[in-house]
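K.L.:
Numbering (full-length UniProt numbering), first residue to last: 1 to 551. The beta carbon of each residue, even a glycine, is placed where N, CA and C say it ideally should be. This structure is a prediction, so every number in the text was calculated from the model and none was measured.
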Amino acid sequence: TDRRTHRPAAGTSRAMTEHAGRRCCLGWDFSTQQVKIVAVDVELKVFYEDSVHFDRDLPEFGTQGGVHVHKDRLTVTSPVLMWVQALDLILEKMKASGFDFSQVLALSGAGQQHGSVYWKTGASLALSGLSPALPLHQQLQDCFSVSDSPIWMDSSTTAQCRQLEAAVGGARALSCLTGSRAYERFTGNQIAKLFQQNPEAYRHSERISLVSSFAASLFLGGYSPIDYSDGSGMNLLQIQDKVWSQACLGACAPHLEEKLGSPVPSCSVVGAISSYYVQRYGFSPACKVVAFTGDNPASLAGMRLEEGDIAVSLGTSDTLFLWLQEPTPALEGHIFCNPVDTKHYMALLCFKNGSLMREKIRDESASCSWNKFSKALQSTEMGNKGNLGFYFDVMEITPEIIGRHRFNAENIEVSAFPGDVEIRALIEGQFMAKRVHAEGLGYRVMPKTKILATGGASHNKDILQVLADVFGAPVYVMDTTSSACVGSAYRAFHGLAGGTSVAFSEVVKSAPHPSLAATPSPGASQVYEALLPRYAELEQRLLSRARGPLE
1 TDRRTHRPAA GTSRAMTEHA GRRCCLGWDF STQQVKIVAV DVELKVFYED
51 SVHFDRDLPE FGTQGGVHVH KDRLTVTSPV LMWVQALDLI LEKMKASGFD
101 FSQVLALSGA GQQHGSVYWK TGASLALSGL SPALPLHQQL QDCFSVSDSP
151 IWMDSSTTAQ CRQLEAAVGG ARALSCLTGS RAYERFTGNQ IAKLFQQNPE
201 AYRHSERISL VSSFAASLFL GGYSPIDYSD GSGMNLLQIQ DKVWSQACLG
251 ACAPHLEEKL GSPVPSCSVV GAISSYYVQR YGFSPACKVV AFTGDNPASL
301 AGMRLEEGDI AVSLGTSDTL FLWLQEPTPA LEGHIFCNPV DTKHYMALLC
351 FKNGSLMREK IRDESASCSW NKFSKALQST EMGNKGNLGF YFDVMEITPE
401 IIGRHRFNAE NIEVSAFPGD VEIRALIEGQ FMAKRVHAEG LGYRVMPKTK
451 ILATGGASHN KDILQVLADV FGAPVYVMDT TSSACVGSAY RAFHGLAGGT
501 SVAFSEVVKS APHPSLAATP SPGASQVYEA LLPRYAELEQ RLLSRARGPL
551 E
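Below is the structure:
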């Protein structure tokens, strides 16, 4: 087998010769642990996939999980040349397998959000003068003023976050402006830290890219602009006007605007592919590069969310993706510009107590059996006779509460529930929290709303039934293992078709459809319309109690 894909190497090349001459778009994903590629043909079928795993395939960089965690446990970086070399490796693998690059119409991609890359003065000359005789990493090794890029796992910038919020009038003001309060991983705060701690490296950076726009720059042979959607994860972009906030730029570092360049719509064609790829790999000189975006926005595209839709990823932590028309930014969650519709927005909400909490309650109340867990959901009624529960064994982030809290129908706190009541209280509580917080960001369930469920718990029909009931909308499931890659290929087709002037949903209408998993039970909306305000009120009560009298 090929050690990089765990697939039979010969099988890959056989498959490739079958697919020679298939016109397609490529979707890239520069994620935390790997670089991944898919090729999607004009009928929107995926016919090629490959990846390079950093720890396994580039062991010389000494990463664990694709990153270096520093001694302070707060600083987390990745070597920028590792990303460059991973691209060399994957392109060589594709070439060796017989991939026909001349058939690629356009490419786009995704990058892990918030990470930043610092191009050294003079790097643009190296980018525009690449020699097709050499791999990229040999030609770009002296092009970065910071060799280890700060990434989304970094939490070392608390001081800079407080400075930024103070500069614009507080956390809520910053959230209204940029879509999020100040977060340590957000790029503006990382840039501020670099400027404060290493002003020399900052001064010698002629351009600062996100991981997404850095990857696009490699394909362009010149600097690619930052797109609106990934640019929303920086605490720097005014999400309403789609321009850099002068107040935020000024609070982070001097001359920052010229180092960032002007942001562009996510579906923009940013240029044609560099002649380097034409000469070295046989790409067509007409192949277009569509702006790269963040991995979360690219996943929204890959899941083909539309107005009013929600995607719920039920994993270790649970994540909610929302399509929003009129956002109301809050102190929790994030609002980004929508990657496939410049007039609309998307929101992300993260809930830390996800599958581990479900597994704990399963072990305690259903003797470690999902089967018994499901039976408990089937045998208890919607609304759980008014019993509500909050289950946060680790400190929750939406909202900041810890512990287990149970309330009976009279809103009196009780110490325990019977096993089956406990199970329903957990699942109803998790989904009511999601709806309450989504509505807090301006989301409203619409008649055409679809809920897309992904991740481990999306295989459990009884859990999905509760999700459909709480939101009063049908739940669908689909395979989303490569949604950021596939979404990037879809976005390449969208950019090619005209971008802002064409509806994304039109471009992807022939893509595979998700399958229906659950529809709301009769009477569900009445039950939960009554319970949701109670749930929200109890959550507020717990929050005030957690914060204590000082606040």
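Going by DSSP, what residues sit across from Gly27 in a beta bridge?
P.N.:
Residue numbering aside, residue 27 sits at position 27 when the sequence shown is read from its first letter. In DSSP, Gly27 forms a bridge with Val38, Ser108.
K.L.:
How many angstroms separate the CA atom of residue 579 from the CA atom of Cys143?
P.N.:
Only positions 1 to 551 of the chain appear in this structure, which leaves residue 579 out of reach.
K.L.:
In its own chain, which residues sit with a C-beta less than 6 Å from the C-beta of Arg362, not counting the 5 before and 5 after it?
P.N.:
Within the sequence shown, the letter at position 362 stands for residue 362. Phe373.
K.L.:
Ends of the beta strand (DSSP E) at Thr77?
P.N.:
In the sequence shown, the residue the question calls residue 77 occupies position 77. That run of the beta strand (DSSP E) goes 76-79.
K.L.:
Considering only DSSP beta bridges, list what Asn226 is partnered with.
P.N.:
In the sequence shown, residue 226 corresponds to position 226, counting from 1. The question names Asn, but residue 226 in the sequence shown is Ile. The partner list for Ile226 (beta bridge, DSSP) is empty, contrary to what the question assumes.
K.L.:
Residue range of the alpha helix (DSSP H) that Pro533 falls in?
P.N.:
The count along the sequence shown starts at 1 and reaches residue 533 at position 533. 524-547 is the span of the alpha helix (DSSP H), which, as asked, contains Pro533.
K.L.:
Are the Cβ atoms of Lys450 and Asp341 separated by less than 7 Å?
P.N.:
The residue you call residue 450 lines up with position 450 of the sequence shown. The residue you call residue 341 lines up with position 341 of the sequence shown. No. Outside cutoff.
K.L.:
Here's a check: name, in chain order, each residue in its chain whose Cβ is nearer than 6 Å to the Cβ of Ala492, leaving out the five neighbours to either side.
P.N.:
Position 492 of the sequence shown, counted from the start, is the residue given in the question as residue 492. Counting only Cβ-Cβ distances below 6 Å, and skipping sequence neighbours, we find Cys25, Ala106, Leu107, Ser108, Val290.
K.L.:
Since Val394 contacts Leu532 with CB under 8 Å, what's their CB separation in whole angstroms?
P.N.:
The sequence position of residue 394 within the sequence shown is 394, counting from 1. The sequence position of residue 532 within the sequence shown is 532, counting from 1. 24 Å between Cβ atoms; not a contact.
K.L.:
Within the continuous alpha helix (DSSP H) that includes His405, where are the two ends?
P.N.:
The residue you call residue 405 lines up with position 405 of the sequence shown. It is not in any alpha helix (DSSP H) - His405 instead sits in the beta strand (DSSP E) that spans 403-407.
K.L.:
Does the Cβ of Gln430 have 16 or more other Cβ atoms within 10 Å, making it buried, or fewer, making it exposed?
P.N.:
Taking the first residue of the sequence shown as position 1, residue 430 is located at position 430. Gln430 is buried by the Cβ-count criterion.
K.L.:
So, is Asp72 buried or exposed, given that buried needs 16 or more other C-beta atoms within 10 angstroms?
P.N.:
By 1-based counting over the sequence shown, the position of residue 72 is 72. Its Cβ having fewer than 16 others within 10 Å, Asp72 is exposed.
K.L.:
Out of curiosity, what's the CA-to-CA distance linking Tyr277 and Pro132?
P.N.:
Here residue 277 refers to the residue found at position 277 of the sequence shown. Here residue 132 refers to the residue found at position 132 of the sequence shown. Using only the alpha carbons, I get a separation of about 7 Å.
K.L.:
Quick check: the Cα distance between Leu543 and Phe390, rounded to an integer number of angstroms?
P.N.:
Here residue 543 refers to the residue found at position 543 of the sequence shown. Here residue 390 refers to the residue found at position 390 of the sequence shown. Computed Cα separation, rounded: 11 Å.
K.L.:
Along the beta strand (DSSP E) that carries Phe336, what are the first and last residues, could you check?
P.N.:
The residue you call residue 336 lines up with position 336 of the sequence shown. Unbroken beta strand (DSSP E) run through Phe336: 334-337.
K.L.:
Give the range of the alpha helix (DSSP H) segment to which Leu174 is assigned.
P.N.:
Here residue 174 refers to the residue found at position 174 of the sequence shown. Start and end: 171-178.
K.L.:
Nearest CA to the CA of Phe61: which residue from Glu165, Ala489, Gln85, Val211?
P.N.:
Taking the sequence shown and counting its residues from 1, the one referred to as residue 61 is at position 61. Closest option to Phe61, Cα to Cα, is Gln85.
K.L.:
Ordered along the chain, which non-local residues of its own chain (more than five positions away) have a Cβ less than 7 Å from that of Glu428?
P.N.:
Locating residue 428 in the sequence shown gives position 428, where the first residue counts as 1. Around Glu428: Asn384, Val466, Val470.
K.L.:
Output yes or no for whether 7 Å exceeds the beta carbon distance between Phe283 and Asp318.
P.N.:
If you number the sequence shown from 1, residue 283 lands on position 283. If you number the sequence shown from 1, residue 318 lands on position 318. It is not a contact, given that the beta carbons lie outside the stated cut-off.
K.L.:
Under the rule that 16 or more other beta-carbon atoms within 10 Å means buried, what is Asp241, buried or exposed?
P.N.:
Counting from one through the sequence shown, the residue named residue 241 turns up at place 241. Label assigned to Asp241: exposed.
K.L.:
In chain order, what are the residue ranges of uninterrupted alpha helix (DSSP H) at least 4 long that sit wholly in the region 342-387?
P.N.:
355-365, 370-379
K.L.:
Measuring only between beta-carbons, confirm whether Trp370 sits less than 7 Å from chain B.
P.N.:
Among the chains in the structure shown there is no chain B, since it carries only a single protein chain.
K.L.:
Please report how far the alpha carbon of Ala453 lies from the alpha carbon of Phe54, in whole angstroms.
P.N.:
Reading the sequence shown from its first residue, position 453 is the one you call residue 453. Reading the sequence shown from its first residue, position 54 is the one you call residue 54. The straight-line gap from Cα to Cα measures roughly 29 Å.
K.L.:
Along the chain, where does the alpha helix (DSSP H) containing Asp469 start, and where does it finish?
P.N.:
Taking the first residue of the sequence shown as position 1, residue 469 is located at position 469. Counting along the chain, the alpha helix (DSSP H) containing Asp469 begins and ends at 461-471.
K.L.:
By a C-beta neighbour count over all protein chains shown, 10 Å radius and 16 as the cutoff for buried, is Cys337 buried or exposed?
P.N.:
Within the sequence shown, residue 337 is the residue found at index 337, counting from 1. Cys337 is buried by the Cβ-count criterion.
K.L.:
Cα separation between Ala201 and Leu356?
P.N.:
Translated into positions along the sequence shown, residue 201 becomes position 201. Translated into positions along the sequence shown, residue 356 becomes position 356. Rounded to the nearest angstrom, the two C-alpha atoms are 42 Å apart.
K.L.:
Going by C-alpha to C-alpha distance, which of Pro263, Ser266, Ile239, Asn235 sits closest to Ala251?
P.N.:
The residue labelled residue 251 in the question sits at position 251 within the sequence shown. Comparing alpha carbon positions, the residue from Pro263, Ser266, Ile239, Asn235 closest to Ala251 is Asn235.
K.L.:
In this structure, how does DSSP classify Gln138 when only helix, strand and coil are distinguished?
P.N.:
Numbered from 1 along the sequence shown, position 138 holds the residue referred to as residue 138. Here Gln138 sits in helix by DSSP.
K.L.:
Of all the options Arg22, Gly21, Glu539, Ser209, which has the alpha carbon lying nearest to the alpha carbon of Gly403?
P.N.:
On the sequence shown, position 403 is the one that residue 403 refers to. Per the Cα distances, Glu539.
K.L.:
Given a threshold of 16 other Cβ atoms within 10 Å of its Cβ, counted over all protein chains shown, does Met446 qualify as buried or as exposed?
P.N.:
Residue mapping note: residue 446 aligns to position 446 of the sequence shown, counting from 1. Met446 is exposed by the Cβ-count criterion.
K.L.:
Kindly indicate the opening and closing residues of the beta strand (DSSP E) around Phe321.
P.N.:
Along the sequence shown, read from residue 1 onward, the residue named residue 321 stands at position 321. Taken as a continuous stretch (DSSP letters only), the beta strand (DSSP E) holding Phe321 covers 318-324.
K.L.:
One question on the structure: do Ser483 and Met303 come within less than 7 Å of each other, judged by their Cβ atoms?
P.N.:
Here residue 483 is taken as the residue at index 483 of the sequence shown, counted from 1. Here residue 303 is taken as the residue at index 303 of the sequence shown, counted from 1. Contact flag set, yes.
K.L.:
Determine which residues share a DSSP beta bridge with Thr454 and list them.
P.N.:
The sequence position of residue 454 within the sequence shown is 454, counting from 1. Answer is Ser313.
K.L.:
Does the beta-carbon distance from Ser224 to Ser213 come in below 7 Å?
P.N.:
Residue numbering aside, residue 224 sits at position 224 when the sequence shown is read from its first letter. Residue numbering aside, residue 213 sits at position 213 when the sequence shown is read from its first letter. Yes, these two residues count as a Cβ contact at 7 Å.
K.L.:
Can you tell which of Arg444, Glu184, Phe407 has the C-alpha that lies nearest to the C-alpha of Leu426?
P.N.:
By one-based count along the sequence shown, residue 426 stands at place 426. The option with the nearest alpha carbon to Leu426 is Phe407.
K.L.:
With a threshold of 6 Å on Cβ separation, who are the neighbours of Arg3 within its own chain once the five nearest residues in sequence on each side are excluded?
P.N.:
In the sequence shown, the residue the question calls residue 3 occupies position 3. With a pLDDT of only 35 at Arg3, under 50, the local geometry of the prediction cannot be trusted, and the value read off the model is given with reservation. Within the same chain, Arg3 has no close Cβ partners at all.
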